[in-house]
Amino acid sequence: MYLTTIDEQEYGIKPMNCIGHIQIFKQSGKSYRDLPLKYYEYGVVHRHEKSGVLHGLLRVREFTQDDAHIFCTPEQIADEVIDIVEFVDSVMKLFGFEYTMEIATKPEKAIGEDAVWDLATQGLKTALTENNLPFTIDEGGGAFYGPKIDVKITDAIGRKWQCGTIQVDFNLPERFGVEYVAEDNTRKQPVMIHRAILGSFERFIGILTEHYAGEFPLFLAPTQVIFVPISESHVAYAKELKKELMKIEIDSEIFNKNDSLNKRVRNAEKQRVPYVVIVGDEEVEHKTVAIRNRRKKEQYNLSFEEFMVELSQQLNEGKI
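Sequential numbering from 269 applies to the sequence shown in this note's numbering.
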């Protein structure tokens, strides 16, 4: 953790989001009927990594993660982990990643009862088995506070990076006095499941950029369409099309600088956008577009309405 002193008071820069979610949980009394209870945020956290291991976007000292914490009973662990694993699998398939799952089990020094550890570990195995997902076992590799599943993505050059994680935690609920009223009216401690699907956004974006070599699918591309009007008289039509694309949340640009048509087309191609659209007299007259689909390496003409349908369909491919 990074520590600093201001006005004789010591401060630490936030290394995790867990404690904040615990404080939210404790703001009011909770019953077994409230569980499972889930909190989620895009949280900025910090790690005091040694300078020698820092590596571009892939290992940094400050990063943002899709951090969620699920408070549940031990009996609910398996069902919750199954839901998370299904989510992980759908996200990895969406991006076309190869990935592996690794279950890390109880280390020699650990807290919590063996029976609860066994229940939690079996819950992790059940979740992966029921989803037909192969996994390896890291015997004794779990955290002292509970077993975990690490999601390891294979990058463009074959390296494996730990991104997502599912961790069962018996420690923090005990340390911070987290309780709920059980069905028998006694007070019990919930289990806390830490869940990140992408993990560090910075690391994931770095891996993703190399994976696609900058040729992002439409639903990810920063700019999705570039219009290249043949002459100044066609710019108004290009602006009209750009305005229509904004209505379906497509980001586009118009390349109408005072350069030759070939140069503007080359510059558009260098941006690696999914679509380069040429507009000239024929397109203006018939309300069509001349398309260069860079992902399929094809050229064709469509009415603008047909083009809108094609774009919408590709946007929907990016939804889970």
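Even glycine gets a Cβ: it sits at the ideal position worked out from N, Cα and C.
Exercise. Go to Y505, then tell me how far its alpha helix (DSSP H) extends in each direction, as first and last residue.
Key: V503 to M514
Quiz prompt | Pairwise C-alpha distance: P283 and E512 | solution = 44 Å
Quiz item: Using the C-alpha atoms, what's the distance from V328 back to E483?
Solution: The alpha-carbon of E483 is positioned some 25 Å away from that of V328.
Quiz prompt | Where P458 falls: helix, strand or coil (DSSP) | solution = In the displayed model, P458 falls within coil according to three-state DSSP, outside both helix and strand.
Quiz prompt | Distance, L326 Cα to Y367 Cα | solution = 17 Å
Exercise. With a cut-off of 8 Å on the beta carbons, I'd call W385 and P342 a contact; round off their distance for me.
Key: Rounded, the Cβ-Cβ distance is 10 Å, inconsistent with contact.
Quiz prompt | Classification of M514 by the beta-carbon crowding that lies within 10 angstroms, buried from 16 upward | solution = exposed
Quiz prompt | Rounded separation between Y307 and E354 - CA only | solution = 19 Å
Quiz prompt | Straight-line Cα distance separating S296 from R540 | solution = 51 Å
Exercise. Measuring alpha carbon to alpha carbon, tell me which of N439, R463 and E500 ends up nearest Q333.
Key: R463
Quiz item: Based on the DSSP secondary-structure assignment, which residues constitute the bridge partners of L570?
Solution: V557
Self-check item: Unbroken beta strand (DSSP E) run spanning P415, endpoints
Solution: It is not in any beta strand (DSSP E) - P415 carries neither H nor E in the DSSP assignment.
Quiz item: Are at least three pairs of beta-carbons, each pair with one atom in the segment 287 to 296 and one in the segment 431 to 451, less than 8 Å apart?
Solution: A contact is defined here as three or more CB-CB pairs under 8 Å, and the segment 287 to 296 meets this definition with respect to the segment 431 to 451.
Quiz item: For A395 versus V349, is the C-beta distance shorter than 7 Å?
Solution: yes
Practice problem: Would you list the residues sitting across from S528 in a DSSP beta bridge? | Solution: Answer is none; S528 lacks a bridge partner.
Exercise. Note the first and the last residue of the continuous alpha helix (DSSP H) segment covering F293.
Key: C286 to F293
Quiz prompt | At least 3 beta-carbon pairs within less than 8 Å: the segment 481 to 499 vs the segment 542 to 557 | solution = yes
Practice problem: Output the residue ranges of the beta strand (DSSP E) runs that lie fully inside the segment 387 to 439 and measure 3 residues or longer, sorted by chain position. | Solution: 403 to 406, 416 to 422 and 428 to 437
Quiz item: Would you call the segment 473 to 488 and the segment 421 to 432 touching, i.e. three or more CB-CB distances under 8 Å?
Solution: The segment 473 to 488 is in contact with the segment 421 to 432.
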